[in-house]
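Engineer: Below is a structure I'd like to ask you about.
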Amino acid sequence: MGYKSQKKEVMISSEIGKEIIKKELPLIPKLPGVYKMLSDKDQILYVGKAKNLPNRLKSYVSEKNHIIRTERMLSQTRKIEITTTSNESEALLLEANLIKKHKPKFNILLRDDKSFPFIFIGNKDKWSQIKRHRGKKTKEGFYFGPFASAGSANWTIKMIQKIFHLRVCDDTVFKNRERPCILYQIKRCSGPCVGYIDENEYKKTVEDAIEFVSGKSRKIQKNLSNQMEKASENLDFEKAGILRDRIKSLNIIQSSQRINEANLIEADVIAGYKESGKTCIQVFFYRSKQNWGNQAFFPKHDPDEKLNNIINSFITQFYENKSVPKSVILSEDIKERLLIEKALSKKENKQINISIAKKGSKLKVINQAIKNAKDSLNRKIYESQNNRELFDKVAEKFNLEPNINLIEVYDNSHIQGSNSVGALITYGDEGFIKKRYRKFNIKIEKNEQDDYGMMKEVLNRRFKRAVEEKSNYLSFPDLVLVDGGKGQYSVARETMNELGLHDIPMIAIAKGKMRNSGNETFFHNGKEFKFSRNDPTLFFLQRLRDESHRFAISAHRAKRKKGISKSLLDQIDGIGSVRKRALLNHFGSARAVESASLDEIKSVNGVEEIVAKKIYNYFHE
Numbered sequence: 000m001g002y003k004s005q006k007k008e009v010m011i012s013s014e015i016g017k018e019i020i021k022k023e024l025p026l027i028p029k030l031p032g033v034y035k036m037l038s039d040k041d042q043i044l045y046v047g048k049a050k051n052l053p054n055r056l057k058s059y060v061s062e063k064n065h066i067i068r069t070e071r072m073l074s075q076t077r078k079i080e081i082t083t084t085s086n087e088s089e090a091l092l093l094e095a096n097l098i099k100k101h102k103p104k105f106n107i108l109l110r111d112d113k114s115f116p117f118i119f120i121g122n123k124d125k126w127s128q129i130k131r132h133r134g135k136k137t138k139e140g141f142y143f144g145p146f147a148s149a150g151s152a153n154w155t156i157k158m159i160q161k162i163f164h165l166r167v168c169d170d171t172v173f174k175n176r177e178r179p180c181i182l183y184q185i186k187r188c189s190g191p192c193v194g195y196i197d198e199n200e201y202k203k204t205v206e207d208a209i210e211f212v213s214g215k216s217r218k219i220q221k222n223l224s225n226q227m228e229k230a231s232e233n234l235d236f237e238k239a240g241i242l243r244d245r246i247k248s249l250n251i252i253q254s255s256q257r258i259n260e261a262n263l264i265e266a267d268v269i270a271g272y273k274e275s276g277k278t279c280i281q282v283f284f285y286r287s288k289q290n291w292g293n294q295a296f297f298p299k300h301d302p303d304e305k306l307n308n309i310i311n312s313f314i315t316q317f318y319e320n321k322s323v324p325k326s327v328i329l330s331e332d333i334k335e336r337l338l339i340e341k342a343l344s345k346k347e348n349k350q351i352n353i354s355i356a357k358k359g360s361k362l363k364v365i366n367q368a369i370k371n372a373k374d375s376l377n378r379k380i381y382e383s384q385n386n387r388e389l390f391d392k393v394a395e396k397f398n399l400e401p402n403i404n405l406i407e408v409y410d411n412s413h414i415q416g417s418n419s420v421g422a423l424i425t426y427g428d429e430g431f432i433k434k435r436y437r438k439f440n441i442k443i444e445k446n447e448q449d450d451y452g453m454m455k456e457v458l459n460r461r462f463k464r465a466v467e468e469k470s471n472y473l474s475f476p477d478l479v480l481v482d483g484g485k486g487q488y489s490v491a492r493e494t495m496n497e498l499g500l501h502d503i504p505m506i507a508i509a510k511g512k513m514r515n516s517g518n519e520t521f522f523h524n525g526k527e528f529k530f531s532r533n534d535p536t537l538f539f540l541q542r543l544r545d546e547s548h549r550f551a552i553s554a555h556r557a558k559r560k561k562g563i564s565k566s567l568l569d570q571i572d573g574i575g576s577v578r579k580r581a582l583l584n585h586f587g588s589a590r591a592v593e594s595a596s597l598d599e600i601k602s603v604n605g606v607e608e609i610v611a612k613k614i615y616n617y618f619h620e
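Each residue of the sequence shown is one higher than the last, beginning at 0 in numbering that gives the first Met the number 0.
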C-alpha cells in the first residue's frame, strides 16, 4: 500500500473521532481548560489546552487538511474528557503536568527528564552541613543550582571543602563522633564535631561559603588575603599557611570556571537543532555569573514537527517540576512565549523574562548552544544508525524477524547461594535504558542455590506482572538474552511459554570451555551458533552480556554489604539500634568492630563493660 492510499485510509477512519467531537461539543462550556483524547481502551492519546475549549475542538472537525499525525490521532479517538481552569495560564501548566504524567503517544514528549542536583548549605543548624541535594526543597537553608550533573555539583562541593572546611557528614555521624575523621587530617574539614573550631568562626566560614557560591569570590579572596597578612604579622604562621592554601584553592576554582561572555547572572540558555526528523535541545545553566554546566535532551515528536513547536512544548514540560531562573534565553521565537512567560511568573511568584537572542554576546552564547545541540544530535543519530545495523545483524544471524528495537538481558549473581540477586538491563535504539533496569532479590529459598530456579523466578516475576498489568508496567521486549548455556535457555524458554509469551524470541549466551572472550556459544530454538572472533555483532552481544553482569554483581555486592553489617552486630543479644549506631560511627564498619580490642570497644559511648565483653567474646570465642 502506497503512502497516498495509507493517508486516504487514515483520513476516512478519522471521521470516527470527528463524529465523537461533534456529539460532545454542545456539552462543553466556553471556558479555558484541558482536553484529553482517549482510545477505546481508555488510553490517553493526546492532551491539549485551549483558551476556549469548544472553539479549539471545533477546529478538529472543521479543518480539512490536518497533518497525518492528527488524522491518526482522530482515527483512534473514542472518547473526550475535559477539565476547565480559571484561565489559560492554569490550562498551560495543567497540560504540561498531564503530558509528563501520562506520556500520550501523539504529544511532543520530553524524554529522560529528571531533577537536577543542587548544593545545599543549612542555615538553621549550629554547625551547618554542605551537601548535594535532589528533589523538593523542604529543609530550611541556602540552595544553589541547578548543576547539569551530580559530578559538577560534587566537584564544586569538593572545592568548597578545600576553601572553607565545612562538614559534609550526616547529623547522626556528626553527633556521635569522639575523634576527627580523615577529612580533618587532609584539611577538608575544620573538625567542628570535636570542638576544633569556635562556633562564631565556623558561622563566618559558612557565610563566606554562601557568598562564594553566590558569585562573590573576589570579595572572599580579598578577605582571605587580609586575614593571611594579619596572621603573618602576628607570627601565627600556622593560620597563615591554612589561609594561603584556601586562597590557592580559590584561584584553582576561579581559573577553571568557564568564561561567561554575556555576563548572565541567573539564566537558562535553551537552543534547539533539528535534522533527519530528530531534535536535540541544549540547556546551559548560568547562576551567580557562572556557567554550571549544560545538558542535552532529545524530545520524542513527529518527524515533520517544526522546531519552534518542539521548543514550545519542551519549555512547559521542562519547567513543570523545576525552579525557573529570572531569564530564559531562546534560540528562536515560539508561538506561546508570552503565555508561557505569564504562567511561569505566576508559578514562581516572580517576574520571568523569556527572550530571543538576536545580537551581541547573548547571540554568541546561543550559537555555542546550537553548535553543542548539533554535535550531540549527530552523535545520537550515528549511534542510532549503528544500533539499527547491529539489531538487523542479530536478526539475520538467528533468523529472527527484522523488527528488533528493544533487547532485555538477564543475569544472576550470588556466592554459594547467599545474597542471591537477579538482574535485568535493557538496550534500545539509543543505547542502554537505565530507567528500565531492575534487580530482583530472590524470594524463594530453594532457588537461592539453584541457577535454573533463580532464572525461572526472575522471568516469572518480570513477565507475569507485565501480562496482568499491560499498560502499567514495562513494555515487552523484542528479544530476550540470558547469560547461560543450553540448560538456562531451556528453563527460560519454558517459563516464557508457560506465560503465553511464545512469540518473544530468546537467545542464551554461554562462555567457552576456557571462559575466553570470543569463544561464546549461542543457543536459539534448539540450534547452536558461533561467531568469528572479530565479528562486530559478537562484540555487541558481549557488551550487553557484560553490562548485565556488571549490574548483577553491583546489586549483589550492595545486598551482601548490607547483610554483613546486619549479621555481625544484629545477632548479638543486648545490641539495639542506638548501640549499633554508636559502634558503627566509632569504628566505621562492623568488620572493624570485629577486629577491635576489648578496651577499644569499652571506650565507645553507651557501651558498658558488660556489653563490651559480650561483643568481644562473640567475635573471639
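Cβ coordinates follow ideal geometry from the N, Cα and C atoms, glycine included.
1) Ignore the nearest five residues each way along the sequence and tell me which others in Asn-73's own chain have a CB closer than 7 Å to its CB.
2) I believe Leu-52 touches Ala-342 by the beta-carbon criterion, under 8 Å. Please report the beta-carbon distance rounded to the nearest angstrom.
3) Using the rule of at least 16 other Cβ atoms within 10 Å of the residue's Cβ for burial, across every protein chain shown, is His-501 buried or exposed?
4) Work out the CA separation of Asp-410 and Tyr-426 for me, nearest whole Å.
5) Which runs of the beta strand (DSSP E) fall wholly inside the region 401-487 and span at least 3 residues, in chain order?
6) Just curious, the alpha helix (DSSP H) that Trp-154 is in, first and last residue?
7) Going by CA-CA distance only, name the one from Ile-241, Gly-271, Val-457, Val-481 that's closest to Glu-304.
8) What span of residues does the beta strand (DSSP E) with Ile-120 cover, start to end?
9) I'd like the list of long-range same chain contacts for Asn-233, defined as Cβ closer than 8 Å, with 5 residues on each side in sequence excluded.
10) DSSP has Arg-580 in a bridge; who is on the other side?
11) Would you mind sorting Tyr-488 into buried or exposed? The rule is 16 or more other CB atoms within 10 Å of its CB.
12) Can you tell me whether Asn-398 is buried or exposed? The criterion is at least 16 other CB atoms within 10 Å of its CB, across all chains shown.
13) Could you check which residue in Asp-391, Lys-57, Val-481 has the C-alpha nearest to that of Met-453?
14) Please state the DSSP three-state secondary structure of Ala-208.
15) Of the choices Arg-166, Lys-174, Asp-170, Thr-171, whose alpha-carbon is the least far from that of Ile-181?
16) Quick check on Ser-627: does DSSP put it in helix, strand or coil?
17) Beta-carbon within less than 7 Å of Lys-130's beta-carbon, same chain only, minus the 5 sequence neighbours each way: which residues are those?
18) At a cut of 8 Å, does the region 21-38 reach the region 93-104 through at least three beta carbon pairs?
19) Could you name the residues that DSSP lists as bridge partners for Pro-166?
20) Would you report the Cα separation of Ala-626 and Gly-430, rounded to the nearest angstrom?
21) Would you report the Cα separation of Lys-613 and Leu-568, rounded to the nearest angstrom?
22) Kindly list the residues whose CB is nearer than 8 Å to the CB of Val-606, restricted to its own chain and excluding five residues on each side of it in sequence; keep chain order.
23) Under the three-state reduction of DSSP, which class applies to Leu-329: helix, strand or coil?
24) Please report the residue range of the alpha helix (DSSP H) in which Ile-185 lies.
25) Tell me the rounded alpha-carbon separation between Asp-235 and Lys-229.
26) Would you be able to state if there are at least three C-beta pairs under 8 Å between the region 150-166 and the region 197-211?
27) Taking the straight line between their C-alpha atoms, what separation do you get for Gly-292 and Lys-202?
28) Which term fits Leu-337, buried or exposed, when burial requires 16 or more other beta carbons within 10 angstroms of its beta carbon?
29) Quick one: is Ile-185 buried, meaning 16 or more other Cβ sit within 10 Å of its Cβ, or exposed?
30) Thinking just about the alpha-carbon of each residue, which of Arg-68, Phe-586, Lys-57 is nearest to the one in Leu-44?
31) In its own chain, which residues sit with a C-beta less than 6 Å from the C-beta of Gln-541, not counting the 5 before and 5 after it?
32) I need the boundaries of the beta strand (DSSP E) containing Asn-348, first residue and last residue.
33) If you count every other CB in all the chains shown that lies within 10 Å of the CB of Ser-576, and 16 or more means buried, which is it?
34) Under the three-state reduction of DSSP, which class applies to Phe-236: helix, strand or coil?
35) Checking 8 Å against the spacing of the C-beta atoms, do Ile-365 and Ser-330 come in under that value?
36) If we count Cβ pairs, one from each stretch, closer than 8 Å, do we get three or more for the region 399-409 versus the region 366-382?
Structural biologist: A quick look at the data gives this:
1) Looking at the sequence shown, residue 73 is not Asn but Leu. These residues qualify, in order along the chain: Ser-13, Gly-16, Lys-17, Tyr-59.
2) Incorrect: roughly 18 Å between the Cβ atoms, too far for contact.
3) exposed
4) 14 Å
5) 405-414, 417-427, 437-440, 478-482
6) 149-163
7) Gly-271
8) 117-121
9) none
10) Per DSSP, none; premise fails for Arg-580.
11) buried
12) exposed
13) Val-481
14) helix
15) Arg-166
16) A question about residue 627 goes unanswered here, because the residues of the chain that appear run from 0 up to 620.
17) Phe-119, Val-167
18) yes
19) Per the sequence shown, the amino acid found at residue 166 is Arg instead of Pro. Arg-166 pairs with Gln-128.
20) Nothing can be reported for residue 626, as the shown portion of the chain is limited to 0 through 620.
21) 11 Å
22) Arg-578, Ala-581, Leu-582, Ile-600, Ile-614
23) strand
24) No alpha helix (DSSP H) holds Ile-185; DSSP gives it neither H nor E.
25) 9 Å
26) yes
27) 29 Å
28) exposed
29) exposed
30) Arg-68
31) none
32) Element bounds for Asn-348: n/a, residue is neither H nor E.
33) exposed
34) helix
35) yes
36) no
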